[in-house]
Structures are given as structure tokens and as C-alpha cells.
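Numbering (the working numbering), first residue to last: 1 to 353.
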């Protein structure tokens, strides 16, 4: 009988924003965003017929496991699910690591699979450790299971299942609160999915955290809120069938990378993709130029963004008359005309009258 194992990365730990330090086994608790992510995992997992929960001993994993639906089942702590050990580098700034161990740091950057930090382990060793842990879990349990663990360890093992070069393991998405699915057929494991989120858009706390980390200015955040209100108004008035939560979230985040200038739709989409929300990313990517067969959510974000200046409503004719004056090349004028025509078409399509 084929069995399913859900590999759950813990929610965001306190200090997650400190990307300048090397953290693996520092025992951090979940922050408020991490708790929200763990609850989202719990809602998603409630519909799955799991018979057991296994977790790394790390506090951030144990706290995530506590918020999953237990249904009377125990939570098993498995020491071999600890994160990949970085040994003497634990807790140190990467700048200090580069200075103190330049050769090892450079070698590990080029050969993640085989070069361990001083006193730590290589990703190849970590992959073997998790393979043994998963075989043990499969042998002692029955039915489907949830396994709460870490990004580096999970990436290393999944890379071996997928036949990837371990030096490329960071190409596998493992967002906090993400899910990877593997199946066991009695002889071995097979990976089915990697790094998916339990819902298509972030919760309110994570949404605010994403804006804060991107250093999105308050005025831009306020514009996003106004665009969300306008998009939802247009959807309701026109009777369009949309995912209102997805639409509102994409509107709030569409200018998250506004400080990047003209490339901000692409930069924002990349940020949300990395966070595990490809559907939000797709809407953000299109808010300046719609793609063929755009969804209603993409169209409504596009239109609402054109009808809001700052936080105030503005007529499309007025908005585009001003932007027309800045078109000094044939290419710029062609882009202006394309966007203006799309806006007029969408005004007619989503008319609330």
C-alpha cells in the first residue's frame, strides 16, 4: 500500500529576518508570523488522514507540531530530524565566517554536498541522516504521517530523491510553513511536490511582515490598501467571480518593491515566489502589463491600480493624460497606448453601472 508523508517546514522563528548570521541549531521559538503559518498548516492538515506526527527536537518545529490537528495521536520527537549542523559557524555573522575561514567558506559555497563547516556536517551527510530517519519512521508507523523539520535537511534529502546535483539543492523552494509531499511504496520514497504553501496567499501577519522586510514606504502601503478596496468594489459591483482573499492580498502587495523603479513588478513577483505564493506573484507581475488570458483577479488589480492615485480615486482619462506627456520615444508611446486601451476595455468589462 502506498503511503503519503507530508514534510512540513516549521513556521518562521524569532530572528528570521537576520539573514546576516549563520543559524542552524540555535533553538529559536516561533514568532507571531510563525504561529500564523503553523495554524495555516493545521487547517490544511485537518483534511488529511494522518496517523502520526513526527518532529525535530528544535523548539520551532515542536511548536509547529503542537498546532497541528493531533486527533489523539502522540507527537514523536526524532533527533535525526535536526537541521544540518554548521558546527563552529553557529550564530556567527557571515562576514566573520568569511574572514576567519576564507578557504572553507569558498569551498563550501562551490561544493555544498561534500564540504562541511568546521565541526559540522556536509549536505550529503545530512541527506543520508534524513534518509535513515524517514526509513525508520516508515517502518515504525502505519498510514500517512506528518513530519515537521527544517529547510536545509529537507532540501538535501529531496535533492537525492529527485536526482538533482546536491550542489544545486538551494534551487528547491522550502518557505517557512511550506509543504513537500513524498510517497512510500514499501521499497522506497518518491517526491511528489516541493515547498508548497497550504493556502494561496499569506495571512495578515505575514503580509505585514513581507512589507516590513521589503522596507515598503508607508505611503505605498496605504496605496495598496486603497487599491484593494477599489478592486473588491469593482468585483462586487460587476458580479465577477473571484477569490477575494487572493485579490485583496495581491493588491496590498503589488507595489511591495516599488523602490526598485520600473522593474518593481518583476522584483515583487520574485519576492512572493520565494515566499511560496506563486499565485500572488503572478498577479503582481501583471499589474503594469496584462498577460494573455489574464485571470479576473489580474484584470481587477490592473484596473484598480489605474483608478487610484495615492489613496484617492482618479479618472483613467486624467491619469493617462498626465502619463502621456512623459512618453518621449515611439516605444514608450506604444506601451502607453497598450495600457490605456487595456484600461478602457476593463472599465467597460467591470462597469458597476
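Don't be surprised by glycine CBs; every beta carbon is placed ideally from N, CA and C. It should be emphasised that the depicted structure is a prediction, and the values quoted were computed from it without experimental measurement.
When the options are compared against residue i, the one with the closest alpha-carbon
i: residue 187; options: 136, 232 and 80; result: 136
i: residue 199; options: 249, 185, 265 and 14; result: 249
i: residue 193; options: 45, 131, 201 and 182; result: 182
i: residue 204; options: 129, 262 and 33; result: 33
i: residue 145; options: 214, 180 and 327; result: 180
i: residue 155; options: 131, 138 and 63; result: 131
i: residue 297; options: 282, 212 and 330; result: 282
i: residue 302; options: 333, 263, 273 and 344; result: 344
i: residue 127; options: 236, 102 and 158; result: 158
i: residue 319; options: 252, 160 and 339; result: 339
i: residue 162; options: 184, 189, 113 and 149; result: 189
i: residue 61; options: 252, 150 and 329; result: 150
i: residue 168; options: 112, 129, 220 and 221; result: 112
i: residue 357; options: 148, 160, 141 and 270; result: Nothing about residue 357 can be read from this structure; the chain reaches only from 1 to 353.
i: residue 118; options: 102, 88 and 99; result: 88
i: residue 271; options: 1, 207, 108 and 25; result: 207
i: residue 52; options: 218, 170, 317 and 147; result: 147
i: residue 239; options: 349, 36 and 102; result: 349
i: residue 210; options: 277, 329 and 287; result: 277
i: residue 73; options: 86, 46 and 84; result: 46
i: residue 242; options: 170, 299 and 256; result: 299
i: residue 191; options: 330, 315 and 164; result: 164
i: residue 197; options: 14, 114, 36 and 170; result: 36
Rounded separation between residue i and residue j - CA only
i: residue 175; j: residue 195; result: 6 Å
i: residue 30; j: residue 234; result: 38 Å
i: residue 49; j: residue 153; result: 25 Å
i: residue 245; j: residue 38; result: 19 Å
i: residue 228; j: residue 143; result: 43 Å
i: residue 292; j: residue 268; result: 20 Å
i: residue 335; j: residue 178; result: 38 Å
i: residue 106; j: residue 66; result: 39 Å
i: residue 310; j: residue 259; result: 15 Å
i: residue 254; j: residue 295; result: 15 Å
i: residue 92; j: residue 23; result: 8 Å
i: residue 3; j: residue 341; result: 53 Å
i: residue 121; j: residue 6; result: 25 Å
i: residue 216; j: residue 263; result: 15 Å
i: residue 202; j: residue 40; result: 9 Å
i: residue 10; j: residue 55; result: 9 Å
i: residue 17; j: residue 173; result: In this predicted model, residue 17 has a pLDDT of only 49, less than 50, meaning its place in the structure is not dependable; the value taken from the coordinates is given anyway. So the alpha carbons of these two residues sit roughly 18 Å apart.
i: residue 304; j: residue 332; result: 22 Å
i: residue 116; j: residue 64; result: 28 Å
i: residue 108; j: residue 25; result: 18 Å
i: residue 261; j: residue 8; result: 36 Å
i: residue 102; j: residue 129; result: 27 Å
i: residue 330; j: residue 312; result: 31 Å
i: residue 288; j: residue 327; result: 15 Å
i: residue 171; j: residue 337; result: 38 Å
i: residue 306; j: residue 213; result: 26 Å
i: residue 256; j: residue 237; result: 27 Å
i: residue 85; j: residue 347; result: 56 Å
i: residue 141; j: residue 82; result: 20 Å
i: residue 220; j: residue 265; result: 14 Å
i: residue 78; j: residue 14; result: 22 Å
Buried versus exposed, by CB contacts within 10 Å (16 or more), residue i
i: residue 12; result: buried
i: residue 322; result: exposed
i: residue 279; result: buried
i: residue 43; result: exposed
i: residue 139; result: exposed
i: residue 351; result: exposed
i: residue 226; result: buried
i: residue 185; result: exposed
i: residue 99; result: exposed
i: residue 70; result: exposed
i: residue 286; result: buried
i: residue 325; result: exposed
i: residue 134; result: buried
i: residue 218; result: exposed
Inter-residue CB distance, residue i and residue j (contact presumed, cutoff 8 Å)
i: residue 58; j: residue 80; result: Going by Cβ atoms, the distance from residue 58 to residue 80 rounds to 12 Å, so no, they are not a contact pair.
i: residue 20; j: residue 94; result: 6 Å
i: residue 308; j: residue 223; result: 7 Å
i: residue 231; j: residue 251; result: 5 Å
The ligand ADP heavy atom lying under 7 Å from the CB of residue i
i: residue 243; result: Absence of the ligand ADP from the depicted structure is noted, as is the absence of any ligand whatsoever, leaving it without description.
Check: Taking the runs of the alpha helix (DSSP H) that are 4 residues or longer, which of them lie wholly in the segment 38-111?
Finding: 59-66, 94-100 and 102-110
Check: Which full runs of the beta strand (DSSP E) of 3+ residues lie inside the segment 120-177, going along the chain?
Finding: 144-149
Item checked: alpha helix (DSSP H) segments (min. 4 residues) lying fully within the segment 171-257 -> 204-213, 218-238 and 244-253
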